[in-house]
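Each residue of the sequence shown is one higher than the one before, starting from 33 at the first, in the working numbering.
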Amino acid sequence: MNEKWKKIDQYAQQWIKEAGARIKDTFQQQLMIQTKSSRTDLVTNVDREIEQFFIANIRHTFPQHRVLGEEGFGDRLTALEGIVWIIDPIDGTMNFIHQQRNFAISVGIYEDGIGMIGYIYDVVHDELYYAHKGTGAFLNGVKLSPLAETSISESIVSINATWVTKNKRIDANVLAPLVKDARGTRSYGSAALEMAYVASGRLDAYITMRLSPWDFAAGLVLVNEVGGIVTNLYGEPLNLLGENSVLVAKPGLHEEILNKYVRK
């Protein structure tokens with residue numbers, strides 16, 4: 033990592049830890065909660081304040097960088113030229129509101145559309161997953177092992193029950209056989225954490241029908257660095273400026289899921 037990226041990494045980690053402390057300080061406060069696109073798409077004053085905290089620091093320290101943030105305080109981007117920070121201040125807002133756990137700060141830093149650094153910070157458990165392109169992925173400073181191939185019968189797959197019941201995005205019958213064939217299924221309600229769990233081997237695959245760039249930008253860097261595969265459900269690269277279906281899985285398992293269940 034050259035000096036430019038060492039400096040970016042130093043500041044990013046500092047801001048992420050400070051943002052995590054700020055979030056924990058709000059646990060005893062009354063939240064201002066609003067809905068966005070639906071009753072399940074929630075935002076709080078804390079989401080907005082944390083995004084503004086990141087943007088203020090980035091603007092001051094790296095004025096030439098741009099920001100794509102979930103809550104809309106960053107730049108309006110039509111391309112990813114230069115260095116772009118893709119930020120979700122609280123990924124898993126519903127969990128933050130209802131459980132005060134199972135949420136994360138997600139920060140992906142890209143240069144000319146290429147993921148250079150990814151951070152996913154589990155605030156409550158003080159677990160910082162991070163990856164630098166070409167140098168591997170880490171959890172609290174301990175390097176994560178490359179992912180080994182596995183089969184669906186030996187896998188724990190993260191999938192929301194929405195996608196195997198009647199919904200507007202996919203025929204419920206497509207993924208129902210996968211749920212039956214897997215060793216087990218889980219759903220944590222935070223895409224960032226679920227991608228971090230695949231990268232660290234806590235999960236074998238993660239499937240969802242709708243994510244925005246701030247949900248997966250950091251996780252994409254993490255998973256790539258340990259040899260996992262991330263595509264949409266057509267097996268195509270993700271669009272970093274739009275919504276995507278997402279399939280994250282260990283090598284071998286990714287191909288098995290696509291060929292046996294999705295493309296059958």
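Where is the CB? At the ideal position from N, CA and C, for every residue including glycine. Every value quoted in this text rests on a predicted model; they were computed, and no experiment measured them.
Under the three-state reduction of DSSP, which class applies to residue i: helix, strand or coil?
i: residue 266; result: coil
i: residue 66; result: strand
i: residue 140; result: strand
i: residue 74; result: strand
i: residue 220; result: coil
i: residue 92; result: helix
i: residue 178; result: coil
i: residue 185; result: helix
i: residue 80; result: helix
i: residue 135; result: coil
i: residue 120; result: strand
i: residue 197; result: coil
i: residue 208; result: helix
Use the C-beta contact count for residue i: other C-beta atoms within 10 angstroms, 16 or more gives buried, fewer gives exposed.
i: residue 167; result: exposed
i: residue 182; result: buried
i: residue 64; result: exposed
i: residue 274; result: exposed
i: residue 104; result: exposed
i: residue 269; result: exposed
i: residue 197; result: exposed
i: residue 79; result: buried
i: residue 186; result: exposed
i: residue 93; result: exposed
i: residue 102; result: buried
i: residue 95; result: exposed
In the DSSP assignment, the alpha helix (DSSP H) including residue i goes from what residue to what residue?
i: residue 250; result: 245-257
i: residue 125; result: 125-130
i: residue 227; result: 223-232
i: residue 48; result: 35-57
Please look up how many angstroms separate the CB atoms of residue i and residue j, rounded, as I've assumed it's under 8 Å.
i: residue 245; j: residue 149; result: That belief does not hold up - the Cβ atoms of residue 245 and residue 149 are roughly 15 Å apart, past 8 Å.
i: residue 82; j: residue 115; result: Between residue 115 and residue 82 the Cβ distance is about 20 Å, and since that is not below 8 Å, they are no contact.
i: residue 262; j: residue 179; result: About 12 Å; that fails the 8 Å criterion.
i: residue 74; j: residue 129; result: 6 Å
i: residue 292; j: residue 260; result: No, residue 292 and residue 260 are not in contact; Cβ-Cβ is about 18 Å, not under 8 Å.
i: residue 237; j: residue 289; result: 6 Å
i: residue 253; j: residue 165; result: 7 Å
How would you write the range of the beta strand (DSSP E) that residue i sits in, first residue to last?
i: residue 201; result: Looking at the DSSP string, residue 201 is not in any beta strand (DSSP E), and its letter there is neither H nor E.
i: residue 149; result: 146-154
i: residue 285; result: No beta strand (DSSP E) holds residue 285; the alpha helix (DSSP H) holding it covers 285-289.
i: residue 98; result: 98-101
i: residue 278; result: 276-281
i: residue 159; result: 159-164
i: residue 171; result: 168-171
May I ask you to check if the CB of residue i is nearer than 7 Å to at least one heavy atom of the ligand GDP?
i: residue 203; result: Because no ligand of any kind appears in the structure shown, any question about the ligand GDP cannot be addressed here.
Stretch pair the region 188-200 + the region 81-101: three plus CB contacts closer than 8 Å: no
Stretch-stretch touch, CB-based, cutoff 8 Å, three pairs: the region 202-216 with the region 135-154: no
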